[in-house]
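Residue numbers (my numbering), protein chains in the order written: chain S, 43 to 476; chain X, 1077 to 1289.
Report on the structure given below.
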């Protein structure tokens, strides 16, 4: 072991790493059966290649000691299930089996690349195979489904989903089982049911994709709005991530400061300066996003983003506590969120109008049902917008974000129960009264 | 790119197992994970979202301990082999230090092997690297199927397809049975550490000697 501790050249260091790996692996394949020597048709040829740096490894030696079983086995190491075909005793090869093997190879290749030529070849093979199966039995229906699915790949107007490849693989497996058992029906009844179910789901998915595509094609403005919307969402995520990082770094500085870890005032000034520039940068990015958002036609975006019938409202709810009351703010009304420190919260309490940048924000007039006994210092300032009018709300506490329930226009609700809490929803009437 | 931390004297190397879909890349990692002691290996993160194939990537970190003056840490990654995940492959290839190309010995997968190797070459080129400038080891996997009814390519044919000039070291293996996995892994680690440390010497003028732990 000593030689790898005093390595001097890269080559020596490399050798030392090799020796170390050898040492670490030694005998540790304890729970593996010693593999059979590979019956390598190529070994002799390879050796004949002369000095090519090719090493034919020796099979792992039988273990000196049993390996400690790993605490967790993330992936099952058992060999993949094989049909009885591969396990059969050697003998003349069944032409049906050979044909299915070819089909399987083609299907595997589809996973790599889908080409019309491959699909056509596969269709032909499947039709040939179909003729070999008896009229009664499950072979033909399986191949019927397979053929119809393959035909979808050749239709330029349809896009089969990725699950179609999985279906093709499963159907090949089913066909192999049929041939291996020599029966007309599958030994496992669930397999045929699963295939039929998957097939139906794929057809449904194909229809949905086609419908979305035709809608987008008929409304170019919709497509442009969708693209812009997606790009803004992406930018927004990056900005939010960056802000989270700033928050983490601030928390670290604060923790170090609290623990008295000897940070000099210069250190702190420098670090806070960096964070301050980051915050300025991100807030300008968010402003740019906001101005981009203003150019999106909301009707176009909501039609694409929420194609489900009945879902016409905003995407989600921002949940807060305000004066002891739980409020849910539809995210479509939100413009910005500002965290408040005690110092900068104090002057805002009691103000009916505040100015952010060059915008005047009016306090959203609300009356607390049960105002808290002691005044609460707000921790968040929320900038809201409703029909070109800007409002603000000072939240005691932010509770989080929830997606809107499927098919529900949350903006049209007055109250919502989430878990055990009933939230008052800020809807149009709340804003109109302002 | 290897991460060299001068403060802690650590070298982190990134090794990627590349190759066609269903070729056995993840199985290689699982076998290595199983074979190494818990003091060396980290948890194998495998994000397996659909059936039995890698749709994102697997990641296995390991700590080989101190060698020379450095602590050597190696991170193994696999990429999803399917064509449609090329963006993920490009992402995983970023900053790669060494590559194991796991090829499938099944005759039906012949084209997939070459296509995947070409794809690797293209993806490396996008990073301004060449397949010949980076430590690369070829593995001819699934050799345990030799003698079964499945048609297997002779190694010579695979060499001719993937390694016509014999520039890359290559190994026959069965990731499932466990043979050839260690040899491949050892070779790529040796080549990668050699390459990284040579760059260290050249670019930083660093000394590789010192007191090990």
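Here a beta-carbon is modelled for each residue, glycine too, at the ideal position from N, C-alpha and C.
Note that the structure is a prediction, hence the values are computed from the model and not measured.
query	result
Residue 1179 of chain X versus residue 60 of chain S - alpha carbon distance	23 Å
Interface residues of chain X facing residue 360 of chain S [CB-CB closer than 8 Å]	Ordered by position in chain X, no residue passes the 8 Å Cβ test against residue 360 of chain S, which lies about 30 Å from the chain.
Cβ pair count under 8 Å reaching 3, the stretch 1249-1266 of chain X against the stretch 1212-1219 of chain X	yes
Within chain X, the residues that residue 243 of chain S reaches when beta carbons sit closer than 9 Å	Simply none; closest approach about 14 Å.
Residue 382 of chain S vs residue 423 of chain S beta-carbon contact at 7 Å	yes
Best match in X:1187, X:1177 and X:1166 for proximity to residue 1201 of chain X [C-alpha to C-alpha]	X:1166
Contact set between residue 1269 of chain X and chain S, taken where Cβ atoms lie within less than 7 Å	55, 56 and 59
CB contact below 7 Å: residue 1166 of chain X versus chain S	no
Of the residues X:1248, X:1191, X:1195 and X:1204, the one placed nearest residue 1220 of chain X, counting alpha carbons only	X:1248
Residue 1197 of chain X versus residue 1184 of chain X: straight-line alpha-carbon distance, rounded	22 Å
Residue 1088 of chain X versus residue 1260 of chain X: straight-line alpha-carbon distance, rounded	19 Å
Per-residue burial, residue 389 of chain S [other beta carbons within 10 Å of its own, 16 or more giving buried]	exposed
Cβ separation of residue 1181 of chain X and residue 1228 of chain X, assumed to be a contact under 8 Å, to the nearest whole Å	5 Å
Residue 1173 of chain X versus residue 1192 of chain X: straight-line alpha-carbon distance, rounded	19 Å
Buried/exposed call for residue 1235 of chain X, threshold 16 Cβ in 10 Å	buried
Residue 1086 of chain X - DSSP class collapsed to helix/strand/coil	strand
Cβ of residue 62 of chain S within 7 Å of any chain X Cβ	yes
Neighbour-count burial assignment, residue 253 of chain S, 16 or more Cβ in a 10 Å radius	exposed
C-beta neighbour in chain X for residue 67 of chain S, strict 7 Å	yes
Option nearest residue 439 of chain S by Cα separation, candidates S:362, S:184, S:400 and S:415	S:362
Sheet register partners of residue 1148 of chain X (DSSP bridge)	X:1087 and X:1141
Distance, residue 322 of chain S Cα to residue 280 of chain S Cα	15 Å
Rounded distance between the beta-carbons of residue 464 of chain S and residue 368 of chain S, thought under 8 Å	7 Å
Coarse secondary structure for residue 229 of chain S, derived from DSSP in three states	coil
Chain-ordered neighbours of residue 52 of chain S on chain X, where CB pairs are closer than 9 Å	1269, 1270, 1271, 1272, 1273, 1274, 1275, 1276, 1277 and 1284
Continuous alpha helix (DSSP H) stretch holding residue 1190 of chain X: start and end	1186-1202
Any C-beta of chain S under 7 Å from that of residue 1143 of chain X	yes
Residues that DSSP places opposite residue 1217 of chain X in a beta bridge	X:1180
Residues that residue 193 of chain S contacts on chain X, provided the C-beta gap is smaller than 9 Å	What residue 193 of chain S touches in chain X: nothing, since even the nearest Cβ is about 21 Å away.
Segments of 4+ residues assigned as alpha helix (DSSP H) that fall wholly inside the stretch 1238-1275 of chain X	1257-1275
Assigned exposure category for residue 164 of chain S - 16 Cβ within 10 Å defines buried	buried
According to DSSP, residues forming a beta bridge with residue 1058 of chain X	An answer regarding residue 1058 of chain X cannot be provided, because it is not within the stretch 1077 to 1289 covered by chain X.
Contacts of residue 1196 of chain X in chain S (Cβ-Cβ under 7 Å)	By Cβ distance, chain S contributes nothing, its closest Cβ being about 14 Å from residue 1196 of chain X, past 7 Å.
For residue 212 of chain S and residue 408 of chain S, the rounded distance between their alpha carbons	60 Å
Every unbroken alpha helix (DSSP H) within the stretch 261-334 of chain S, with a cutoff of 4 residues, ordered by chain	262-300
Cut-off 7 Å between Cβ atoms - residues of its own chain near residue 176 of chain S, not counting five sequence neighbours on either side	226
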